[in-house]
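Numbering (the working numbering), first residue to last: 3 to 55.
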């Protein structure tokens, strides 16, 4: 599992979880790198419709 957030964490995570600090509009992953994406309370912070896709 990979988590993307603007800020780092001080929490010890299990080995199967990767925490990535980054901007959600410029993710550091290849296209089609994930089978599933989940976002919670994000879409209302995106100002243009292209960013919401």
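No residue lacks a Cβ here, since even glycine has one placed at the ideal position from N, Cα and C.
Among the options, whose alpha-carbon lies nearest the alpha-carbon of residue i?
| i | options | result |
| --- | --- | --- |
| residue 27 | 34, 19, 44 | 44 |
| residue 19 | 36, 39, 41, 4 | 4 |
According to DSSP, is residue i helix, strand or coil?
| i | result |
| --- | --- |
| residue 45 | helix |
Only counting the same chain, and skipping five residues up and downstream in sequence, which positions put a Cβ closer than 7 Å to that of residue i?
| i | result |
| --- | --- |
| residue 30 | 22, 24 |
| residue 6 | 22, 24, 26, 29 |
Taking just the CA atoms, how far does residue j sit from residue i?
| i | j | result |
| --- | --- | --- |
| residue 49 | residue 41 | 16 Å |
| residue 14 | residue 46 | 30 Å |
| residue 11 | residue 37 | 25 Å |
| residue 17 | residue 32 | 22 Å |
| residue 39 | residue 9 | 19 Å |
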